[in-house]
Structure formats: structure tokens, C-alpha cells
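Here is the structure we will look at.
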DNA sequence: CTGCAAACAGGATGACCGTCCTGTTTCGTA
DNA sequence: TACGAAACAGGACGGTCATCCTGTTTGCAG
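Residue numbers (our numbering), protein chains in the order written: chain A, 8 to 217; chain B, 8 to 217.
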């Protein structure tokens, strides 16, 4: 019931704000219900935007989807994963903290709707190569950030034959798969288990000794 | 151009065969293009089935989707994962063989369309609780089979504090996530990396020592 | 042979959805 | 103030899709 402050009858052009409301609503919808299951009609209602405004900013649904991926999904990965890991004392600490934060957030609300990046990756990667490229770029940035952190961990006490990229790939893959299992079971149990396994593995591998 | 042997003009009722053609076509379509992106019109064409026949066997699209999950997806997991792992000498051997088989199969054809179970899990788990239950059951069976094999591995030389279910969860999650990354990058590289990491981890954990 | 339910044919239907089109308003610029 | 481009309003349109409906055929029971 919250009317936007377009009080009397006067219109105010606000292209940036309107675009942001639109992308925000689309991000929520695409992340939870999926891209194809989200109708533009609902997005227009949620963002309080008319068809003409939508068409003006995003000529096609694909353009909106691309904006969601590049603006919001990339930002979400940056905020929930990359930055916390980078700021943590060690990679293992960072990963444990990220998992814990995500788990408690999921427990706060009722259900598990899954990782936005993973959801859109499986739905759109094969459908359109622009989507695929945008999604792959985020995965690459994510994996690279973890690999860099692992490299930093071992700056002081190097371990020979350590493949940073491979271990980072394992982390990203395990998280993605754990979230998929969590979504399928509507339970955070797979996330808790994989968090413990992963941190144990990383601590072992980054410890002294070959 | 391959006409089915309905040679002159005579019809032959074949409820089981028709149902099988339908579920087969739906399995392929749902696994590659996804559930919502697959139109019943295309399935009818692929399976050479009319609308009346389809409605007779599956009153709704959901019923067809449920049959695909319970009949074909469950069977696929059984054939490509559970049986090979069960027949292998060790869990690590089995997992390595399964990954290798899947990778070479993906390299044979051109693209990566992803794990059917994972694809449908992310698309349908939150949409309908019947779908969710059917998918969760397959994940549970999959994970349990791997845990059982791990238990069998350590029958002779037990390792204390070994959590079979947790390690099995890690395996399933890592595979699912690796396949998601493979789909996003349209490359088998994540699968190769995770296969190596996983077998290394399992061999370490199942080896002698605390 | 006969009746009857299951199996199938083929199209109608109504809802939905993305896109586009025409008109109106805002706002920077000159 | 005049003007033009951008921003926005609101609905029409065409296509698609899942479902349903009416009729016909098959095949088994009796």
C-alpha cells in the first residue's frame, strides 16, 4: 500500500532510479522464481513501472536479464564471497565465515532458493551466448579471487606442487553443488557438511608438509 | 523421414510404447532445454504422438515431468553413478571412472548441457513440492550409495571419526557444482579439476593413519 | 458377435506473455 | 520562452502454450 511520492498528479522523470527499481525487482524475481518463470507483467507491478518505461530502458527481456547478471549478480558474489574471503585472515577462515553467514541467513528466512549465479547459470548458459559469457565471467572472477587468497596464504610458508586454481575450483564447485542440494532438500544441512569438509581440506593442504 | 510402421492406415494401440516414446522425448528435452523451455508441441512432434494421446497418458505437463524424474532421471543416476561406483574396487576408483566416462562423453558431443538431475532440481524444486520430493529422493539415494561404498572401503582397515555421509555429500556436491561450472564455461575443465581433487581427497582420507 | 472401456485423433479455446506502437509529459538547451 | 530529445503512460497485437473437448478406433470381456 506504500504509494510512491508522486503525490498529486505530477510526474518526475527519474531514469536512474526507475532503472534501479526495475533491475532490483528483476534480480529478486529471477533469483527466486527463475528467469523464464518471471513475467514482465509482475516485474512492472513490483517496481511500479509502466510498459512504456520498461521498453524504453530495456527493449527486450534479455537486456534486462543481462543487466541483472552484470549489475546485481556480480555485485552479490563480490559482497557475499570475494570481499569477505579477501578480508579474512586465511582462506579457510574466510570460507568458513562465508558459509556461516549464508547458512544463518537461510535459516532466518524459511526456504532455500539457491545461489542466484548458479540458478541463472543452469537456466541460461545454453540458451544464449551473451548470457553464457556474462555468467562465465563471474565464475572466473570468483574462482580467481579464491586462488589469489590461497596464494597469499602460502606466501610465507610455500608448499610445493600446490595448484591454487584447482583448489579454488573445488571450493566454488562444492559450494555451488551444496547449494543445489540444499535447494533440493530445502535444508541447510548440505551446506553445513560441505563447509566443514572444505575447511578441513584447505587447512590440511595449506599446512606444512607436502 | 522414418515413418513408424503404421503402414497402411491401421492404428495399433500401444500404450506402453507410446508412453515410453513420450517420456524419452521429454527426458531429452527437459534435460537439455529445461522444463519450462520445452513446449509440449515439440515433444508431441518428437515422439510422433497426438494431443489426445498425450492428454490420455499425462493429464498435465507436471505429470509428465514427474514421470521423467522418477523413471528416467533416477535411472540415469543409477546407471552413470551408483552402479559403476558400486562395482569399482574402491570408492576413489569408482568416482574417477565415472568422471572420466562423463568427461569423454561430453567431449564426444560438442556442448555441456549439464547434469539432468541438477538442472531439474534448480528449476523445479521451489516451484512444486511434488517435484521437490521426487528430486530429493534421488539425491538421497545417490549420496547414500556413495556413503555405503566408503563404508565398505574401510571395512578392513577402519579409520576412526570417519563421517561417511559427510564425505559422500561432498562428492555429490562437488560433482554437481563442477557440472554447473562446466555448463557455464562450456568446458570440461572444471570436471577434470574436481575429479582429480576429489580422488586425491578420498585417497588421503581412506588411507591408514588417524 | 456385442458391448464397453481404454486408447487415440485432431482441433478448439482461453489464458498469458513479450513486444511494439501511439500519444503525452518532462527537462535540458539555446 | 521555444524546441527537441529523452522519459514515460497505457494499451493493442500477435504468437505461444497447456489444457480440454468431441469424436473415432482398438481390443478385451462376456
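No residue lacks a Cβ here, since even glycine has one placed at the ideal position from N, Cα and C.
Using beta-carbon distances, residue 123/B does not count as an interface residue toward chain A, since no partner is under 8 Å.
For the 8 Å CB-CB criterion, residue 120/A and residue 143/B do not form a contact. For residue 48/A, none of the residues of chain B pass the 7 Å Cβ criterion, the least Cβ distance being about 16 Å. Contact residues of the stretch 70 to 103 of chain A toward chain B are absent (C-beta to C-beta distance below 8 Å).
Between the stretch 46 to 53 of chain B and the stretch 203 to 217 of chain A, the count of Cβ pairs shorter than 8 Å is below three; the stretches do not touch. Spatial neighbours of residue 78/A in its own chain (CB-CB distance under 7 Å, excluding positions within 5 residues in sequence) are listed in chain order as 30. With respect to the C-alpha of residue 36/B, the residue from 71/B, 59/B, 89/B having the closest C-alpha is 71/B.
Chain B has no Cβ within less than 8 Å of the Cβ of residue 202/A. The Cβ of residue 190/A sits closer than 8 Å to at least one Cβ of chain B. Its chain contains 152 as the residues whose beta carbon lies nearer than 6 Å to that of residue 89/B, once the 5 sequence neighbours on both sides are disregarded; these appear in chain order. Secondary structure at residue 178/A: helix, using DSSP grouped into helix, strand and coil.
Counting only residues of its own chain and dropping the five nearest sequence neighbours on each side, residue 38/B has a CB closer than 7 Å to the CB of 120, 123, 126. In the three-state reduction of the DSSP assignment, residue 186/A falls in the helix class, which pools H, G and I.
Considered as a whole, the stretch 38 to 97 of chain A harbours 47 to 54, 58 to 64, 68 to 74, 81 to 84, 90 to 94 as its complete alpha helix (DSSP H) runs of no fewer than 4 residues, in chain order.
Taking 4 residues as the shortest admissible run, the stretch 99 to 142 of chain B contains the following complete alpha helix (DSSP H) segments, listed from N- to C-terminal end: 123 to 131. Interface flag for residue 114/B against chain A is unset, since no Cβ pair is found closer than 8 Å.
The alpha-carbon of residue 53/B is positioned some 34 Å away from that of residue 76/A. Of the residues assessed, residue 98/A falls on the buried side of the cut-off, its CB having 16 or more other CB atoms within 10 angstroms.
Fewer than three pairs of CB atoms, one per stretch, sit closer than 8 Å, so the stretch 192 to 205 of chain A makes no contact with the stretch 189 to 204 of chain B.
Cβ-Cβ distances below 7 Å link residue 104/B to 91, 95 in the same chain, with the five nearest sequence neighbours on each side left out; the list follows chain order. The C-beta distance from residue 177/A to residue 206/B rounds to 12 Å, too long to meet the 8 Å contact threshold.
Among the residues of the stretch 125 to 139 of chain B, those with a Cβ less than 8 Å away from any Cβ of chain A are 125, 126, 128, 129, 130, 132, 133, 134, 139, in the order of the chain.
Not a single C-beta of chain A is nearer than 8 Å to the C-beta of residue 171/B. In terms of beta-carbon proximity, residue 180/B lines the interface with chain A, with at least one pair separated by less than 8 Å. Here residue 169/B carries a coil assignment [DSSP, helix/strand/coil].
Residue 41/A places its beta carbon 8 Å or farther from that of residue 184/B. Here the alpha carbon of residue 87/A sits roughly 50 Å from the alpha carbon of residue 60/B. Following the DSSP letters along the chain, one finds residue 211/B inside the alpha helix (DSSP H) bounded by residues 196 to 213. At least 8 Å separates the beta-carbon of residue 33/B from that of residue 128/A.
For the C-beta of residue 185/B, the chain A residues within less than 7 Å are, from N- to C-terminus, 180. For residue 174/A, the chain B residues whose C-beta falls within less than 8 Å of its own C-beta are 204, listed in chain order.
Taking the beta carbon of residue 118/B as reference, the chain A residues within 8 Å of it are 133, listed in sequence order.
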